[in-house]
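What follows is a short report on a single structure.
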Amino acid sequence: MKIAKYLSPKTLVTEEVEDPSIQSNEVKIKSIISGISHGTEMNVYRGVAPFFRKKFDRQTRLFIQSDQYDTWKYPVRSNDPGVWYMGYSNVGTVVEAGKEVSDIKPGDIVYSNGPHQSIVVRPASDVIKLPDSVHPEHGIFLTNLMTAYNGILDSPIKLGDTVVVSGLGVLGQTIVQMAKMSGAFQVIGIDLFDLRLQTALENGADYVFNPMTCKDIAYEVRKLTKNKGADLVIEVTGNQKALNEAIRIAAPDTTVTALGWYQGASTNLDLSEEFHHNRVNIRSSQTGAVDPAISHMWNRDRRLESCLELLSRLRLDNLLTHKVSYDNISHAFQLVDENPKAVIQVALTY
2 MKIAKYLSPK TLVTEEVEDP SIQSNEVKIK SIISGISHGT EMNVYRGVAP FFRKKFDRQT
62 RLFIQSDQYD TWKYPVRSND PGVWYMGYSN VGTVVEAGKE VSDIKPGDIV YSNGPHQSIV
122 VRPASDVIKL PDSVHPEHGI FLTNLMTAYN GILDSPIKLG DTVVVSGLGV LGQTIVQMAK
182 MSGAFQVIGI DLFDLRLQTA LENGADYVFN PMTCKDIAYE VRKLTKNKGA DLVIEVTGNQ
242 KALNEAIRIA APDTTVTALG WYQGASTNLD LSEEFHHNRV NIRSSQTGAV DPAISHMWNR
302 DRRLESCLEL LSRLRLDNLL THKVSYDNIS HAFQLVDENP KAVIQVALTY
């Protein structure tokens with residue numbers, strides 16, 4: 002089998018190793034396709050992996066300072082113990098199942114949080130069988146879709162609302178479609194890249210704006226809403242300026258849902274005139290992981306069931322802009338790093 006290996010920042014190769022054996026509760030999967038995360042994985046690719054300075058303490062439910070990556074050194078392999086940041090959206094065919102595994106069998110097409118490897122071994126609890134109605138290539142979007150779905154559930158969309166989506170990568174594109182499905186009359190998209198703006202229009206957005214060419218997006222939104230503002234703004238980028246702009250865009254007594262990851266944003270959030278005058282509620286949203294500590298099993302299963310159904314209902318084909326052979330993994334990451342305006346989702350094929 003082949004694994005991915007970082008030799009140094011931005012130097013990524015594949016390496017041949019022996020196929021792993023499986024435990025009785027595990028599943029062996031032959032990879033078909035895996036999606037590259039444009040957030041977490043690209044930070045690792047650029048050599049800033051030690052930015053993971055905090056870890057989640059399940060007992061206190063707080064993020065605490067951690068030195069777990071202070072000894073992070075090259076080379077790093079995708080099959081090293083504890084390495085989770087070298088791919089976590091994998092779709093493949095089951096080739097072997099442990100004797101304790103009853104609901105997954107060889108031949109099944111499955112999604113897992115496995116890394117970028119030609120062969121993946123995961124506990125059966127981390128493996129999800131894809132319905133026949135879902136194209137295997139679309140299965141890689143399940144991670145993003147769970148995050149988007151939680152963002153929609155955490156946002157008070159009402160029939161007839163105007164919803165603004167800031168950031169039109171994979172998350173934003175799926176949120177545009179789900180906002181329409183949830184009853185929004187107007188969906189407005191914001192992004193810096195024309196490809197993403199055009200794709201959002203194809204996916205149901207009514208209007209799109211580029212901050213590089215539109216001087217005052219908040220003013221434009223007011224014109225489209227009879228000077229009221231947006232009923233809901235979902236901010237996906239994790240950019241602090243975009244979050245401040247979201248506050249300006251929102252109508253009085255409405256909500257801004259912060260779905261992005263804001264590193265250090267607490268020191269730069271603008272809580273001046275618009276925030277107080279508009280009485281804006283800012284709320285965060287959970288990621289795609291559904292934590293057993295705060296979510297009943299039925300609720301977790303129901304959300305997963307809904308997201309699997311959405312995989313066959315949403316338009317996803319125009320989000321997968323590039324498929325690159327696994328042997329050219331370095332080129333795939335280079336595409337994302339050097340030409341973000343031309344890509345939405347880059348995936349590796351095996």
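Counting the sequence shown from 1 gives a position; the numbering used here is that position plus 1.
Beta carbons: idealized from backbone N, C-alpha and C, even for Gly.
{"Asked": "Taking just the CA atoms, how far does PRO341 sit from GLU246?", "Found": "22 Å"}
{"Asked": "Use the C-beta contact count for PHE52: other C-beta atoms within 10 angstroms, 16 or more gives buried, fewer gives exposed.", "Found": "Low confidence applies to PHE52: its pLDDT is 46, below 50, so where it sits in the model is not reliable enough to give any reading."}
{"Asked": "In terms of alpha-carbon separation, which member of VAL164, SER126 and GLU42 lies closest to TYR208?", "Found": "VAL164"}
{"Asked": "When the Cα atoms are used, what is the spatial distance from GLN178 to GLU42?", "Found": "25 Å"}
{"Asked": "If VAL135 sits next to LEU309, beta carbons under 8 Å apart, how far is it from one beta carbon to the other, in whole angstroms?", "Found": "7 Å"}
{"Asked": "Quick one: grab the DSSP three-state call for GLY83.", "Found": "coil"}
{"Asked": "Could you have a look at PRO293 and say whether DSSP puts it in helix, strand or coil?", "Found": "Per-residue confidence for PRO293 stands at a pLDDT of 45, beneath the threshold of 50, marking its modelled position as unreliable; the derived number appears in the next sentence. In this structure, PRO293 counts as coil in the three-state DSSP scheme."}
{"Asked": "Under the DSSP definition of a beta bridge, which residues are partnered with GLY239?", "Found": "Answer is none; GLY239 lacks a bridge partner."}
{"Asked": "Quick one: residues in its chain with C-beta nearer than 8 Å to the C-beta of ASN79, no 5 flanking neighbours on either side, listed in chain order?", "Found": "Here residue 79 turns out to be Ser, not Asn, going by the sequence shown. Hits under 8 Å: ILE4, ALA5, LYS6, MET87, GLY88, PRO116, HIS117 and GLN118."}
{"Asked": "Roughly how many angstroms lie between the CA atoms of VAL45 and ALA219, to the nearest whole one?", "Found": "35 Å"}
{"Asked": "Where does the unbroken alpha helix (DSSP H) through GLN118 begin, and where does it stop?", "Found": "Note, GLN118: premise wrong, no alpha helix (DSSP H); not H, not E."}
{"Asked": "Report back the beta-carbon spacing between THR175 and LEU146 to the nearest angstrom; my notes put them in contact at under 8 Å.", "Found": "6 Å"}
{"Asked": "Please confirm if the region 276-288 is in contact with the region 313-330, defined as three or more CB-CB distances below 8 Å between the two stretches.", "Found": "no"}
{"Asked": "Indicate the three-state DSSP secondary structure (helix, strand or coil) for TRP299 in the structure shown.", "Found": "Annotation note: pLDDT 46 at TRP299 (below 50); position unreliable, coordinate value reported separately. Three-state DSSP puts TRP299 in a helix."}
{"Asked": "By DSSP, does THR144 sit in helix, in strand, or in coil?", "Found": "helix"}
{"Asked": "Between which two residues does the alpha helix (DSSP H) holding HIS139 run?", "Found": "Run containing HIS139: none; DSSP gives neither H nor E here."}
{"Asked": "Would you report the Cα separation of GLN335 and PRO253, rounded to the nearest angstrom?", "Found": "43 Å"}
{"Asked": "In chain order, what residues of the same chain lie with their CB nearer than 8 Å to the CB of HIS332, ignoring the 5 residues before and after it?", "Found": "VAL325"}
{"Asked": "In three-state terms, what does DSSP make of ASN91?", "Found": "strand"}
{"Asked": "Go ahead and pull the three-state DSSP assignment for HIS277.", "Found": "helix"}
{"Asked": "Looking at the unbroken alpha helix (DSSP H) that takes in ALA333, where does it start and where does it end?", "Found": "330-339"}
{"Asked": "Can you check DSSP and say which residues form a bridge with PHE210?", "Found": "ILE191"}
{"Asked": "Starting from LEU172, trace the beta strand (DSSP E) both ways and give me its first and last residue.", "Found": "It is not in any beta strand (DSSP E) - LEU172 instead sits in the alpha helix (DSSP H) that spans 171-182."}
{"Asked": "Leaving out five residues on either side along the sequence, give the residues of the same chain with a beta carbon under 6 Å from the beta carbon of PHE142.", "Found": "LEU317"}
{"Asked": "From LEU198, ILE330 and LEU305, pick the residue whose C-alpha is nearest to that of GLY140; which is it?", "Found": "LEU305"}
{"Asked": "Which stretch, first to last residue, makes up the beta strand (DSSP E) that contains TYR7?", "Found": "3-9"}
{"Asked": "Which of the three DSSP states, helix, strand or coil, is assigned to GLU310?", "Found": "helix"}
{"Asked": "Verify whether the separation of the beta carbon atoms of PRO237 and VAL257 is less than 8 Å.", "Found": "According to the sequence as given, residue 237 is Val; it is not Pro. Not in contact: VAL237 and VAL257 (Cβ atoms no closer than 8 Å)."}
{"Asked": "If you follow the alpha helix (DSSP H) that ARG223 is in, where does it begin and where does it stop?", "Found": "218-225"}
{"Asked": "Say whether the region 213-231 touches the region 187-205, bearing in mind that this needs 3 or more beta-carbon pairs closer than 8 Å, one atom from each stretch.", "Found": "yes"}
{"Asked": "For the alpha helix (DSSP H) holding VAL45, just list the boundary residues, first then last.", "Found": "41-46"}
{"Asked": "With a threshold of 16 other CB atoms inside 10 Å of the CB of GLU27, please say whether the residue is buried or exposed.", "Found": "buried"}
{"Asked": "Any idea what DSSP makes of ALA348, helix, strand or coil?", "Found": "strand"}
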